[in-house]
Amino acid sequence: MKLVELDVLKFLDVVDSNSPAPGGGSVSALASSLGASLARMVAHLSFGKKKYEALSDDVKAKFVANFDELLKIKNELNDLIDRDSEAYNTVMAAYKLPKETDEEKATRSAEIQKSLKYAIQTPYDIVVLSGKAISLLGEILANGNQNAITDIGVGTMLLMVGLEGGILNVKVNLSSIKDTAYVEKITKEIYDIKAVAEKEKERIMGIVNSAL
Numbered sequence: 017m018k019l020v021e022l023d024v025l026k027f028l029d030v031v032d033s034n035s036p037a038p039g040g041g042s043v044s045a046l047a048s049s050l051g052a053s054l055a056r057m058v059a060h061l062s063f064g065k066k067k068y069e070a071l072s073d074d075v076k077a078k079f080v081a082n083f084d085e086l087l088k089i090k091n092e093l094n095d096l097i098d099r100d101s102e103a104y105n106t107v108m109a110a111y112k113l114p115k116e117t118d119e120e121k122a123t124r125s126a127e128i129q130k131s132l133k134y135a136i137q138t139p140y141d142i143v144v145l146s147g148k149a150i151s152l153l154g155e156i157l158a159n160g161n162q163n164a165i166t167d168i169g170v171g172t173m174l175l176m177v178g179l180e181g182g183i184l185n186v187k188v189n190l191s192s193i194k195d196t197a198y199v200e201k202i203t204k205e206i207y208d209i210k211a212v213a214e215k216e217k218e219r220i221m222g223i224v225n226s227a228l
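Under my numbering, the residues of the sequence shown are numbered 17 to 228, in order.
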């Protein structure tokens, strides 16, 4: 059974076990999925309300576009909850390959590098998707139901937790990658995404806290 198909208590028990997977990567994806879900909840609570209905058609169209995009992101993040655990198992399998002869050592080393890049892709995607989701929240914050403004705040923080968790899981695998150009490229990309997301998070939380 997939992790995303477990009930909440069962998922928590699986994390709270002696198995290294699901671990921080899967939980980061879940955190961001929850963040996107909360933002969509605020949108759901906005549709049909007087303030929302008074908006121009262009503003409504952008609001709905962000609402729909957040659903796509949520669904992708849900897939990553399981994929992160699968990637971990792939890396472990590569490390268990035989290393008695020079040929076996070379094969094992190549497979480890390949599996590490595969393992990096999942948390990298979490970073990208979380950053993209944060960029979509401003529209819902500005034109959504203000009675649920704290839910946008919590959603923003959850997305940032997921993003930061993704970065940690990228970095731990990058440390074993020999391809320096690849390491530099991925490192720059994740920190560029973090910088933009952090700025937007601070802006959103400033608005949320000022409204309380």
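For glycine and all other residues, C-beta sits at the position ideal for the given N, C-alpha and C. Because the structure is a prediction, the values reported are computed rather than measured.
Original post:
Using the C-alpha atoms, what's the distance from G64 back to D73?
Top reply: In the sequence shown, the residue the question calls residue 73 occupies position 57. In the sequence shown, the residue the question calls residue 64 occupies position 48. Near 14 Å, if we compare the C-alpha coordinates of G64 and D73.
Original post:
Does the count of Cβ pairs from the segment 73 to 83 and the segment 122 to 134 closer than 8 Å reach three?
Top reply: no
Subject >> Environment of T172 [buried if 16+ CB atoms lie within 10 Å] >> reply: The residue labelled residue 172 in the question sits at position 156 within the sequence shown. Buried, by the Cβ-count rule.
Original post:
If you draw a straight line from the alpha carbon of V43 to that of S192, how long is it in whole angstroms?
Top reply: Position 27 of the sequence shown, counting from 1, holds the residue named residue 43. Position 176 of the sequence shown, counting from 1, holds the residue named residue 192. So the alpha carbons of these two residues sit roughly 22 Å apart.
Original post:
Quick one: Cα of R122 to Cα of K115, how far?
Top reply: Along the sequence shown, read from residue 1 onward, the residue named residue 122 stands at position 106. Along the sequence shown, read from residue 1 onward, the residue named residue 115 stands at position 99. The residue asked about is misnamed: residue 122 is Ala in this sequence, not Arg. Their Cα atoms are separated by approximately 8 Å.
**OP:** State the Cα-Cα distance for the pair M176 and E120, rounded to the nearest angstrom.
**Re:** Residue 176 sits at position 160 when you count from the first residue of the sequence shown. Residue 120 sits at position 104 when you count from the first residue of the sequence shown. Cα to Cα, the separation comes out at about 42 Å.
Subject >> Neighbourhood of T203 by C-beta distance below 7 Å, restricted to the same chain and skipping five residues each side >> reply: On the sequence shown, position 187 is the one that residue 203 refers to. Once the five neighbours on either side are set aside, the close Cβ partners of T203 are L190.
**OP:** Can you check the segment 59 to 101 for any alpha helix (DSSP H) of at least 4 residues that lies completely inside it and give the ranges in chain order?
**Re:** 66 to 69
Subject >> Pairwise C-alpha distance: I165 and K67 >> reply: In the sequence shown, residue 67 corresponds to position 51, counting from 1. In the sequence shown, residue 165 corresponds to position 149, counting from 1. In a straight line, the C-alpha of K67 is about 14 Å away from that of I165.
Subject >> Other residues of its chain near R219: CB distance less than 8 Å, five sequence neighbours each side excluded >> reply: Position 203 of the sequence shown, counting from 1, holds the residue named residue 219. If we look at R219 and ignore the five residues flanking it on each side, its Cβ neighbours are G154.
Original post:
Given that a residue counts as buried once 16 or more other Cβ atoms are within 10 Å of its Cβ, and exposed if not, what is L228?
Top reply: Locating residue 228 in the sequence shown gives position 212, counting from the first residue. By the neighbour-count rule (16 or more Cβ atoms within 10 Å), L228 is not buried but exposed.
Subject >> Endpoints, alpha helix (DSSP H) assigned at A213 >> reply: The residue you call residue 213 lines up with position 197 of the sequence shown. Counting along the chain, the alpha helix (DSSP H) containing A213 begins and ends at 196 to 226.
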